[in-house]
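Shown next, in structure tokens, is the structure this report addresses.
Residue numbers (my numbering): 909 to 1158.
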């Protein structure tokens, strides 16, 4: 399968067979990940590979006990990591100045770029993956479980293994909704209605609205899935993690 077909056929896999991922193949995929673009060729990220069942059991509560954490043969935690780079600078009589929010953003971008490379490489080999957006919610818990030192913050988690399901692709907004030519063109009410019409008309979307007793799909997001109170709570928790891990100094 051509690479572009791998990308176009992406599916989120939450159920995996018990077949392990061979170490040479996993290393090949991780090596492909490390070829991702990186700011200034600093590679300010680390990947924690979790295959031991006891460790996956410890990680599961950090991700609200989503079952794929325990069931996937491999769990990858991608971290923003200036710890290694800072140590190198200090050993070379170079004063690091990376204890700030901009440096965290730089390292977070690096971590996400390598994570996407890993995911595409895994899918090109016939494996399935699932991104977990819960990583930054309970980052402090993950830091404790994985024994992450100062200068290291978990950014995203990916489960990886051989698929035990073939789900339908989830919907995506039409291309015109996402692409702007030359400058940003803001959306009219009519644009929004047109661009979200297909998503709102889907049977699964209607089901979400009905089961949550809401008027429309947007309210499912604002009132149930990603509530402001939760956003504020987890934002404050993440900011505290950044302070504790040394990324909020002035």
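Backbone N, C-alpha and C fix where the C-beta goes; we use that ideal spot for every residue, glycine too.
Buried or exposed: residue i, going by 16 or more other Cβ atoms within 10 Å of its Cβ?
i, result
"residue 1023", "buried"
"residue 989", "buried"
"residue 1092", "exposed"
"residue 1018", "buried"
"residue 1025", "buried"
"residue 1137", "exposed"
"residue 928", "exposed"
"residue 910", "exposed"
Once you ignore the five residues that flank residue i on each side, which residues in its own chain have a CB closer than 8 Å to its CB?
i, result
"residue 1103", "1081, 1082, 1084, 1085, 1095"
"residue 1100", "none"
"residue 945", "1021"
"residue 1124", "1108, 1117"
"residue 1148", "1048"
Are the beta-carbon atoms belonging to residue i and residue j less than 8 Å from one another?
i, j, result
"residue 1032", "residue 914", "yes"
"residue 925", "residue 983", "no"
"residue 1015", "residue 953", "yes"
"residue 1107", "residue 1079", "yes"
"residue 1088", "residue 1040", "no"
"residue 987", "residue 937", "no"
"residue 1071", "residue 1115", "no"
"residue 1048", "residue 950", "no"
Excluding the five sequence neighbours on either side, which residues of its own chain have a C-beta within less than 6 Å of the C-beta of residue i, listed in chain order?
i, result
"residue 922", "976, 1038"
"residue 1050", "970, 1062"
"residue 1120", "1128, 1132"
"residue 981", "928, 929, 1069"
"residue 1073", "923"
"residue 1002", "none"
Since residue i and residue j are thought to touch, with beta carbons under 8 Å apart, how far apart are those beta carbons, to the nearest angstrom?
i, j, result
"residue 1142", "residue 1045", "5 Å"
"residue 1155", "residue 1061", "7 Å"
Closer than 7 Å by C-beta to residue i: which residues in its own chain qualify, once you throw out the five before and the five after it? Chain order, please.
i, result
"residue 1059", "989, 990, 991, 994, 1153, 1154"
"residue 1027", "1037, 1066"
"residue 934", "982"
Exercise for the section: Any chance you could list the alpha helix (DSSP H) runs of at least 4 consecutive residues sitting entirely within the stretch 1018 to 1082, in chain order? Expected result: 1047 to 1054
Practice task
Please go through the stretch 986 to 1013 and give each complete alpha helix (DSSP H) segment of 4 or more residues, from N-terminal end onward.
Solution key: 991 to 999
Problem - Length at least 4, wholly inside the stretch 925 to 981: the alpha helix (DSSP H) runs in chain order - result: 931 to 941, 961 to 967, 975 to 979
Problem - Ranges of the alpha helix (DSSP H) found wholly within the stretch 1124 to 1158, counting only runs of at least 4 - result: 1125 to 1128, 1136 to 1152
Handout entry: Minimum length 4: unbroken alpha helix (DSSP H) runs contained in the stretch 1077 to 1113
Key = 1097 to 1103, 1105 to 1109
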